[in-house]
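Have a look at the structure below before the remarks.
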Amino acid sequence: MRYLIALLFTLNLTSCISNFNETINVKSEIKKAESFLSVNYDSAIFYAKVSLKNSTSDNNRYYSHYILGTSYLKKKQYFESTKNLLTALELIPDDAIFYKDKASILKNLGVISGRFKAYDFAIKYYKQALSFVAEKNKAGILYNLGIIYKYKKEYDESIDLFNEGIELNKKFDNKLRQVKISLQLGLLYAEKDNFEKSESYLNQVISNEKMLENAKYSGKSYHAIANNYIELNDHSTAILYFEKALKKYKSNSDRFVTEMDLGNCYLQIGSVEQALISLENAKKLYLFVSPNPEFSKVFDLLATAYEMKSNNSLTKENLRQYNKELTKFIDQKNELITLLNQNRFEDFINNQTAFKALLTKIFTYKNIILIISVVGLLSFILFLSRQYRLMVIRKDIIRIFKSN
Numbered sequence: 002m003r004y005l006i007a008l009l010f011t012l013n014l015t016s017c018i019s020n021f022n023e024t025i026n027v028k029s030e031i032k033k034a035e036s037f038l039s040v041n042y043d044s045a046i047f048y049a050k051v052s053l054k055n056s057t058s059d060n061n062r063y064y065s066h067y068i069l070g071t072s073y074l075k076k077k078q079y080f081e082s083t084k085n086l087l088t089a090l091e092l093i094p095d096d097a098i099f100y101k102d103k104a105s106i107l108k109n110l111g112v113i114s115g116r117f118k119a120y121d122f123a124i125k126y127y128k129q130a131l132s133f134v135a136e137k138n139k140a141g142i143l144y145n146l147g148i149i150y151k152y153k154k155e156y157d158e159s160i161d162l163f164n165e166g167i168e169l170n171k172k173f174d175n176k177l178r179q180v181k182i183s184l185q186l187g188l189l190y191a192e193k194d195n196f197e198k199s200e201s202y203l204n205q206v207i208s209n210e211k212m213l214e215n216a217k218y219s220g221k222s223y224h225a226i227a228n229n230y231i232e233l234n235d236h237s238t239a240i241l242y243f244e245k246a247l248k249k250y251k252s253n254s255d256r257f258v259t260e261m262d263l264g265n266c267y268l269q270i271g272s273v274e275q276a277l278i279s280l281e282n283a284k285k286l287y288l289f290v291s292p293n294p295e296f297s298k299v300f301d302l303l304a305t306a307y308e309m310k311s312n313n314s315l316t317k318e319n320l321r322q323y324n325k326e327l328t329k330f331i332d333q334k335n336e337l338i339t340l341l342n343q344n345r346f347e348d349f350i351n352n353q354t355a356f357k358a359l360l361t362k363i364f365t366y367k368n369i370i371l372i373i374s375v376v377g378l379l380s381f382i383l384f385l386s387r388q389y390r391l392m393v394i395r396k397d398i399i400r401i402f403k404s405n
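Here the sequence shown stands for residues 2 to 405, numbered as in our numbering.
Structure (structure tokens):
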């Protein structure tokens, strides 16, 4: 008997140690994944997947999916990112201590939706994120929402959101966000053909360059002013501003957009050789930008330039690439929207299931007795009320007859 007890104790102890080690391993795998999140996305993905394989806890699983979604977003693998972010959103506990992560998940879903021009989804996720983000971080979500409404050409809504963000930035002294909003307002008023007001906002950004120690935003402002001059049919001044912008950039994606628009500007005035230099520079940087049919236009512009040079083979090559990039974007967008719509449908089904479960819970045996009792009491009160009214009416009739 003693041997049997000792054996059972040993087995139980071994099981406890095994479970303890599993917990430690899962936590260490998540920590490893987290540590690689800002330095090596492939390693973050690897350890997050190992964590998922070894874990059964929803808390660990949501965070693993969160890391996977964030890493895939950085790697521009948008479908995988969306799939994991939606799973993380489903698994994340409904507790205030997780609100920061929940806001981040919703914000990332908004970013992806916005990139693929699924604006209604972007608005939905950004607005949901506002419910879970701390007040000092709300300005960032409002900024993203303002950009989405600007793309939708709902300018008044966009301006209201930017102004709301400005007040929060003043409250929390966020100078960088103030500058970014000024840049967006400059772009927005250009869309409304109010170039004077546009340039006023853009010059505010340029004047803050030294304070921020970041030339990127002044470069974007020079670029925006250049586009304004193109609209005013002053291409020579536009070229000067594009060149100023290029001197301010460190980012390949920023350089890409300016080189492409500069090439387009040269094409409009018939300077084909200069256009080709800028457009070929942009083509080399195309890999660094996010999916966008407007960015794919670089291949269409190159085709136009080579057609003007009577180079049929390069014209066809760039047209093929342009069609390929557009088709790729449309396919990715459709795949993404299908996934988001599927999630919306599942939410609807889950809500219906929850409603049915609630009804089932309400109509249990004990609750039915309670409901019948309440209904019976209300019916009795109604009956008494009617009897009282009849009695009053009878008295009134008798009084009338007696008076006659």
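Beta carbons are placed, not taken as given, at the ideal position from N, Cα and C, and that holds for glycine. It should be emphasised that the depicted structure is a prediction, and the values quoted were computed from it without experimental measurement.
- Message: At the level of alpha carbons, what is the spacing between Glu-23 and Arg-62?
- Response: If you number the sequence shown from 1, residue 23 lands on position 22. If you number the sequence shown from 1, residue 62 lands on position 61. Note that Glu-23 scores 41 on pLDDT, short of 50, meaning its location in the model is unreliable and no value can be drawn from it.
- Query: Counting pairs of Cβ atoms below 8 Å between the segment 242-251 and the segment 216-228, do you hit three or more?
  - Reply: yes
- Item | 8 Å Cβ cutoff met for Asn-109 and Leu-74 | Working through the sequence shown from its first residue, we reach residue 109 at position 108. Working through the sequence shown from its first residue, we reach residue 74 at position 73. Result yes, Cβ atoms of Asn-109 and Leu-74 sit closer than 8 Å.
- Query: Just the Cα atoms here: how many angstroms apart are Glu-91 and Tyr-120?
  - Reply: Residue numbering aside, residue 91 sits at position 90 when the sequence shown is read from its first letter. Residue numbering aside, residue 120 sits at position 119 when the sequence shown is read from its first letter. Straight-line Cα distance between these residues: approximately 22 Å.
- Who are the near neighbours of Leu-146 in its chain, counting only those whose CB is closer than 6 Å to its CB and skipping five residues on each side? Taking the first residue of the sequence shown as position 1, residue 146 is located at position 145. Only Tyr-127, Leu-162 meet the Cβ criterion.
- Message: Give the list of continuous alpha helix (DSSP H) stretches no shorter than 4 residues that lie fully inside the segment 90-134.
- Response: 100-116, 120-131
- Query: Taking Cβ positions, are Phe-289 and Ser-311 nearer each other than 8 Å?
  - Reply: Within the sequence shown, residue 289 is the residue found at index 288, counting from 1. Within the sequence shown, residue 311 is the residue found at index 310, counting from 1. The answer is no: Cβ separation not under 8 Å.
- Message: DSSP three-state label for Asn-209, please.
- Response: One-based indexing of the sequence shown puts residue 209 at position 208. Coil, per DSSP.
- Would DSSP call Leu-38 helix, strand or coil? Counting from 1 along the sequence shown, the entry for residue 38 is found at position 37. Here Leu-38 sits in coil by DSSP.
- Starting from Glu-281, follow the alpha helix (DSSP H) in both directions and report where the run begins and ends. Mapped onto the sequence shown, residue 281 falls at position 280. 273-286 is the span of the alpha helix (DSSP H), which, as asked, contains Glu-281.
- Query: On the three-state DSSP scale, how would you describe Tyr-250?
  - Reply: Here residue 250 corresponds to residue number 249 of the sequence shown, with the count starting at 1. Residue state, collapsed to three classes: coil.
- Query: So does the segment 177-184 actually touch the segment 204-216, counting three or more Cβ pairs closer than 8 Å?
  - Reply: yes
- Where does Ile-270 fall in DSSP's three states? As a first step, residue 270 must be located in the sequence shown, where it is residue number 269. Coil at Ile-270, not helix or strand.
- Query: Are Ala-191 and Ser-201 closer than 8 Å when you measure CB to CB?
  - Reply: Position 190 of the sequence shown holds residue 191. Position 200 of the sequence shown holds residue 201. Their beta carbons are not under 8 Å apart, which means Ala-191 does not touch Ser-201 by this criterion.
- Task: Decide yes or no for the touch test of the segment 250-266 against the segment 77-97: beta carbon pairs closer than 8 Å, at least 3 of them.
- Result: no
- Message: Could you compute how far the alpha carbon of Asn-250 sits from the alpha carbon of Phe-117?
- Response: Stepping through the sequence shown from its first residue, residue 250 is reached at position 249. Stepping through the sequence shown from its first residue, residue 117 is reached at position 116. It should be noted that the sequence gives Tyr, not Asn, for residue 250. Answer to the nearest angstrom: the Cα atoms are 25 Å apart.
- Item | Supposed contact pair Arg-256 and Leu-286 - C-beta distance, whole angstroms, cut 8 Å | Looking up residue 286 in the sequence shown gives position 285. Looking up residue 256 in the sequence shown gives position 255. Between Arg-256 and Leu-286 the Cβ distance is about 6 Å, and since that is below 8 Å, they are a contact.
- Message: Would the segment 96-112 count as touching the segment 270-279 if we require 3 or more Cβ pairs under 8 Å?
- Response: no
- Task: Quick one: which unbroken alpha helix (DSSP H) runs of 4-plus residues sit fully inside the segment 149-235? Chain order, please.
- Result: 156-173, 176-192, 196-208, 210-213, 217-232
- Message: Within the continuous alpha helix (DSSP H) that includes Val-299, where are the two ends?
- Response: Residue mapping note: residue 299 aligns to position 298 of the sequence shown, counting from 1. First-last of the alpha helix (DSSP H) with Val-299: 294-309.
- Straight-line CA distance for Ser-36 to Tyr-152? Numbered from its first residue, the sequence shown carries residue 36 at position 35. Numbered from its first residue, the sequence shown carries residue 152 at position 151. Approximately 36 Å, taken between the alpha carbons.
- Query: When you compare only the Cα positions, how much space is there between Ala-45 and Asn-195?
  - Reply: Taking the sequence shown and counting its residues from 1, one reaches residue 45 at position 44. Taking the sequence shown and counting its residues from 1, one reaches residue 195 at position 194. Using only the alpha carbons, I get a separation of about 47 Å.
- Query: What residue from Glu-30, Lys-76, Ser-39, Asn-209 has the CA that sits closest to Asn-55's CA?
  - Reply: Here residue 55 refers to the residue found at position 54 of the sequence shown. Comparing Cα-Cα distances from Asn-55 to each of Glu-30, Lys-76, Ser-39, Asn-209, the minimum goes to Glu-30.
- Please report how far the alpha carbon of Leu-203 lies from the alpha carbon of Thr-238, in whole angstroms. Start at 1 with the first residue of the sequence shown, and residue 203 comes out as number 202. Start at 1 with the first residue of the sequence shown, and residue 238 comes out as number 237. Cα to Cα, Leu-203 sits roughly 16 Å from Thr-238.
- Query: With DSSP run on the structure shown, which of helix, strand or coil describes Asn-22?
  - Reply: Locating residue 22 in the sequence shown gives position 21, where the first residue counts as 1. Interpretation of Asn-22 is limited by its pLDDT of 40, a score under 50 that renders its predicted location unreliable; the figure taken from the coordinates is listed afterwards. Three-state result, Asn-22: helix.
- Message: Can you give me the C-alpha to C-alpha distance between Tyr-67 and Phe-173, rounded to a whole angstrom?
- Response: Counting from 1 along the sequence shown, the entry for residue 67 is found at position 66. Counting from 1 along the sequence shown, the entry for residue 173 is found at position 172. Roughly 28 Å separates the two Cα atoms.
- Message: Using a 10 Å radius around the Cβ and a threshold of 16 neighbouring Cβ atoms, would you call Gln-129 buried or exposed?
- Response: Taking the sequence shown and counting its residues from 1, one reaches residue 129 at position 128. The residue in question, Gln-129, is buried, as its Cβ has 16 or more Cβ neighbours within 10 Å.
- Query: Is Asn-61 helix, strand or coil by DSSP?
  - Reply: Position 60 of the sequence shown, counted from the first residue, corresponds to residue 61. Reduced to three states, the DSSP call for Asn-61 is helix.
- Query: Of the choices Ser-291, Val-299, Thr-305, Asn-293, whose alpha-carbon is the least far from that of Gly-271?
  - Reply: What you label residue 271 is simply residue 270 of the sequence shown in a count that begins at 1. Among Ser-291, Val-299, Thr-305, Asn-293, the Cα nearest to that of Gly-271 belongs to Thr-305.
- CA nearest to the CA of Asn-344, picked from Asn-164, Thr-83, Glu-326: Position 343 of the sequence shown holds residue 344. For the residues Asn-164, Thr-83, Glu-326, the minimum Cα distance to Asn-344 belongs to Thr-83.
- With distances taken Cα to Cα, identify the nearest neighbour of Pro-294 among Glu-168, Phe-80, Tyr-323, Leu-69. Within the sequence shown, residue 294 is the residue found at index 293, counting from 1. The residue with the shortest Cα to Cα distance from Pro-294 is Tyr-323.
- Item | For Leu-302 and Thr-316, the rounded distance between their alpha carbons | Within the sequence shown, numbered from 1, the residue matching residue 316 stands at position 315. Within the sequence shown, numbered from 1, the residue matching residue 302 stands at position 301. Looking at the two C-alpha atoms, the distance is approximately 10 Å.
- Item | Pairwise C-alpha distance: Asp-95 and Leu-359 | As a working note, residue 359 is residue 358 in the sequence shown. As a working note, residue 95 is residue 94 in the sequence shown. Its pLDDT being 49, under 50, Leu-359 is placed unreliably by the model, and the measurement read from it follows with that caveat. Distance between the alpha carbons of Leu-359 and Asp-95: 19 Å.
- Query: In the structure shown, what three-state DSSP assignment does Lys-32 receive?
  - Reply: Translated into the one-based positions of the sequence shown, residue 32 becomes position 31. Lys-32: helix per DSSP, three-state reduction.
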